[in-house]
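In case it helps, my numbering puts the sequence shown at residues 1 to 260. For each residue, glycine too, the CB sits at the ideal point set by N, CA and C. As the structure is a prediction and not an experimental result, all values here were calculated from the model. Input: a single structure, listed below in structure tokens.
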Amino acid sequence: MFLICLVLGAVAGTLSGLFGLGGGVLIVPALVVIFHWANFPPELSIHMAMGTSLATIIFTAASSTYSHYKQGSVDWKIVRQLTIGIIIGAFSGSWLAHFIDGRWLEWAFGVYLVLIALKMLFAHPQISNRSMPAVWVTNCVGIFIGFKSAIFGVGGGTVTVPFLNYFGQSMKRAAGISAACGLPIAISGTLGYLLAGSQNAVLPAWSVGYVYLPAWLGIILTSSVFARFGAKLSHRWSQQRLQRLFAILLLAIAIKIFMA
């Protein structure tokens with residue numbers, strides 16, 4: 001399992017740096033499969049995958065944010081405005097996740113991803129001249145980003161990047177801001193999964209709450225390194241290429257949701 005998680009961390013880290021994602025869109029489904037192979041109780045696998053994924057994103061997002069910051073693509077004012085809502089949404093979402101049957105939310109989110117992906121795939125890659133909305137609107141969007149991210153155990157890039165694109169931020173700046181927002185998402189969400197999991201008496205060995213330490217360690221050893229690689233790569237590619245690749249990634253995630 002440890003070697004598989006090393007490879008998983010490398011791929012997830014590259015995605016994190018390239019698109020401003022936390023990598024959870026790959027980590028969560030992969031860990032569910034890995035945990036099934038390890039004979040984890042089926043009712044625990046998804047919660048363990050989500051909690052472990054968010055815990056890895058803390059390190060991946062930090063590494064990716066640093067690289068984007070050095071490239072000048074992190075607007076800290078926007079990050080602060082989103083973070084207020086993100087903390088509230090991520091903690092509450094992670095705490096409620098194991099009480100809620102989120103299948104209908106997954107389908108609704110899958111439809112959203114398809115619509116956003118099609119728009120980005122076929123739209124001309126140009127920067128909108130819209131200005132950022134009022135602070136309270138950005139705060140509310142942050143709550144949604146945090147809640148959605150914690151429920152699914154992923155970073156906020158699938159919502160944050162399209163939102164920022166709509167309000168005039170380029171793909172490169174959106175990826176940098178999204179990466180920075182991944183930190184409060186991951187920290188708040190992980191805390192919620194740790195507290196919620198601590199009440200479960202049938203956790204596997206080497207678990208802390210809903211975080212499985214061997215998988216967490218394997219992923220973070222490579223994800224942080226490859227997140228910097230992905231961030232550098234994002235500044236070498238054209239905005240059109242980034243936009244289309246991101247749209248294809250969103251479609252792939254949506255297909256995975258519908259087929260689950």
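Helix, strand or coil at residue i [DSSP, three-state]
i, result
"S207", "strand"
"G9", "helix"
"W237", "coil"
"F280", "Residue 280 cannot be examined here, being either before or after the span of the chain that is shown, 1 to 260."
"S188", "helix"
"V202", "coil"
"G17", "helix"
"S73", "coil"
"G110", "helix"
"G51", "helix"
"G23", "coil"
"I46", "helix"
"I257", "helix"
"I248", "helix"
"I4", "helix"
"I116", "helix"
"I100", "coil"
Buried/exposed call for residue i, threshold 16 Cβ in 10 Å
i, result
"I255", "exposed"
"A186", "buried"
"K148", "buried"
"P162", "buried"
"V25", "buried"
"P184", "buried"
"Q199", "exposed"
"F226", "buried"
"E228", "Reading off the sequence shown, one finds Arg at residue 228, where the question assumed Glu. Buried, because 16 or more other Cβ atoms sit within 10 Å of the Cβ of R228."
"L31", "buried"
"H68", "buried"
"V111", "exposed"
"S131", "exposed"
"L3", "exposed"
"A196", "buried"
"L242", "buried"
"I248", "exposed"
Distance between beta carbons of residue j and residue i, contact taken as under 8 Å
i, j, result
"L250", "I116", "6 Å"
"L15", "G189", "With a Cβ gap of about 18 Å, L15 and G189 do not count as contacting."
"L164", "A179", "Wrong, their Cβ atoms sit about 12 Å apart, outside the cutoff."
"G89", "I143", "4 Å"
"Y210", "M50", "7 Å"
"G17", "S234", "7 Å"
"I257", "F109", "7 Å"
"A12", "S223", "5 Å"
"A150", "S64", "Not really, about 19 Å apart at Cβ, beyond 8 Å."
"G192", "G146", "No, G192 and G146 are not in contact; Cβ-Cβ is about 10 Å, not under 8 Å."
"L82", "V141", "7 Å"
Opening and closing residue of the alpha helix (DSSP H) in which residue i lies
i, result
"I219", "213-234"
"L81", "Sequence inspection shows Gln at residue 81; the Leu mentioned does not correspond to that position. Where Q81 is concerned, the enclosing alpha helix (DSSP H) stretches over 76-96."
8 Å Cβ cutoff, residue i in contact with chain C
i, result
"F147", "Here there is only one protein chain, and chain C is not present."
Distance cut-off 7 Å: residue i Cβ against heavy atoms of the ligand ATP
i, result
"S92", "Ligands are entirely absent from the displayed structure, and the ligand ATP is therefore not among its contents."
| query | Going along the chain, which unbroken runs of the alpha helix (DSSP H) with 4 or more residues stay wholly within the stretch 121-182? | reply | Within the stretch 121-182, the complete alpha helix (DSSP H) runs of at least 4 residues are 135-152, 157-166.
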